[in-house]
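Okay, so here's the structure we're looking at.
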Amino acid sequence: MYNAFWNHLKEQLLSTPPDFTCALELLKDVKENRLRNEIEEALDTDLLKQEAEHGALDVPHLSNYILNLMALLCAPVRDEAIQKLETIRDPVQLLRGIFRVLGLMKMDMVNYTIQSFRPYLQEHSIQYEQAKFQELLDKQPNLLDYTTKWLTKAATDITTLCPSSPDSPSSSCSMACSLPSGAGNNSEPPSPTMVLYQGYLNLLLWDLENVEFPETLLMDRIRLQELAFQLHQLTVLASVLLVARSFSGEVLFRSPEFVDRLKCITKALTEEFIS
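Shown next as structure tokens:
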């Protein structure tokens, strides 16, 4: 196995054009091992402990070595922080500053790793999520019962409710009728996009006591409830403004101060009532 590796490396280097993949990996290993050995030799804890016991520990030399090593490894954005550390003479403050900058350097490395893998993750994340989702669904076939009911009701709202009662539609029915591309046409089944639109609109009118919330949206339930609250606020506000306009007259209602104050009072009352 050992000879086979070197024979493979020889074949790569003699190929046309030369393939330096394995050679570069070897150089990378040499670099990492050299740096690791250098750090372990310079920061040998047993040796440093003996020097400290005999009063021979050279703290300035040790701190300079650490700072130089940090300057060698850090991102350019941390150069200024390391230069400030070089001016600190208090050992406690220096150690505190070193560990602070080391923490930042760790975050820099994490961010760099994430950025390096981001193109790959973005390219394969959808396929990965779909595969995991299907794997989970195969193990638990009844996992999406509530989601199925939710989408079924949305499709029913589009295909049945609106045509059956055009004169007095309900709230969700009105939303279904307002969908684009002939959502209320019974001649053909609604498209998945129309069903999804209606499903999301139904969630804005969701009964909080209804426990059959779609499983695929459980993580977004709080956010959807906040949107439902905002929709309710807008509905109440619009109703109050319409009633106020009919009673106050055109002149008073054209006053920006009057309208703004009415909005603020109505919003405060709705927030207090719902909370």
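Going by numbering that gives the first Met the number 0, the sequence shown opens with residue 0, and the numbers climb by one from there. Just so you know, even glycine gets a beta-carbon here, dropped at the ideal spot from N, CA and C.
If you draw a straight line from the alpha carbon of residue i to that of residue j, how long is it in whole angstroms?
i, j, result
"aspartate 137", "aspartate 144", "14 Å"
"glutamine 121", "phenylalanine 132", "17 Å"
"valine 258", "threonine 158", "40 Å"
"isoleucine 221", "leucine 261", "29 Å"
"threonine 234", "threonine 265", "11 Å"
"glutamate 40", "leucine 47", "10 Å"
"glutamate 24", "histidine 123", "26 Å"
"phenylalanine 228", "glutamine 139", "34 Å"
"valine 194", "glutamine 126", "24 Å"
"phenylalanine 246", "phenylalanine 252", "9 Å"
"serine 254", "arginine 77", "56 Å"
"serine 238", "serine 190", "33 Å"
"glutamate 10", "glutamate 79", "47 Å"
"glutamine 129", "threonine 146", "16 Å"
"glycine 54", "tyrosine 111", "42 Å"
"valine 250", "aspartate 219", "44 Å"
"glutamate 225", "cysteine 263", "19 Å"
"asparagine 6", "threonine 192", "59 Å"
"glutamate 256", "glutamate 271", "23 Å"
"arginine 95", "leucine 34", "24 Å"
"asparagine 36", "aspartate 45", "15 Å"
"isoleucine 38", "isoleucine 113", "26 Å"
"tryptophan 205", "alanine 267", "23 Å"
Which of the three DSSP states, helix, strand or coil, is assigned to residue i?
i, result
"valine 210", "coil"
"glutamine 139", "coil"
"glycine 198", "helix"
"isoleucine 113", "helix"
"cysteine 73", "coil"
"tryptophan 149", "helix"
"histidine 7", "helix"
"arginine 99", "helix"
"leucine 56", "coil"
"arginine 90", "The identity of residue 90 in the sequence shown is proline, whereas the question assumes arginine. Looking at proline 90 - three-state DSSP - the assignment turns out to be helix."
"leucine 42", "coil"
"serine 254", "coil"
"threonine 159", "helix"
"phenylalanine 277", "The question about residue 277 has no answer here: the residues shown for the chain are numbered 0 through 274."
"proline 16", "coil"
"serine 245", "helix"
"glutamate 225", "helix"
"glutamate 187", "coil"
"leucine 203", "coil"
"glutamate 270", "helix"
"glutamate 85", "coil"
If residue i and residue j are in contact, beta carbons under 8 Å, what's the gap, nearest whole angstrom?
i, j, result
"leucine 203", "leucine 230", "5 Å"
"valine 109", "isoleucine 81", "About 19 Å separates the two Cβ atoms, so there is no contact after all."
"leucine 223", "leucine 216", "7 Å"
Output needed for residue i: all residues of its chain with C-beta closer than 6 Å, excluding positions within five of it in sequence on either side, in chain order.
i, result
"glutamine 232", "Thr269"
"leucine 68", "none"
"tryptophan 149", "Gly198 and Pro213"
"lysine 60", "Here residue 60 is histidine; the residue named in the question, lysine, does not match the sequence. Closer than 6 Å at Cβ, skipping near neighbours: no residue."
For residue i, which residues from the same chain have a beta carbon less than 7 Å from its beta carbon, with the 5 sequence-adjacent residues on both sides left out?
i, result
"proline 90", "Val58"
"serine 167", "Any reading at serine 167 needs caution, since the residue's pLDDT is 43, under 50, leaving its predicted position unreliable; the model's value is listed next. Excluding positions up to five away in sequence, the list is empty."
"isoleucine 97", "Ile65 and Leu84"
"leucine 93", "Ser62, Leu84 and Ile87"
"threonine 15", "none"
Beta-carbon within less than 8 Å of residue i's beta-carbon, same chain only, minus the 5 sequence neighbours each way: which residues are those?
i, result
"leucine 142", "Leu135, Leu136 and Glu214"
"leucine 56", "Leu47 and Glu50"
"proline 188", "Ala154 and Thr158"
Between residue i and the ligand GTP, is there a pair consisting of the residue's CB and a ligand heavy atom that are separated by less than 7 Å?
i, result
"leucine 233", "The ligand GTP is not part of this structure, which contains no ligands at all."
Is the stretch 198-210 in contact with the stretch 238-258, if contact means three or more CB pairs nearer than 8 Å?
no
State whether the stretch 98-111 contacts the stretch 72-81, with contact taken as three or more CB pairs (one from each stretch) at a distance under 8 Å.
yes
At least 3 beta-carbon pairs within less than 8 Å: the stretch 146-156 vs the stretch 187-203:
yes
Inspect the CB distances between the stretch 111-119 and the stretch 85-99 and report whether three or more fall short of 8 Å.
no
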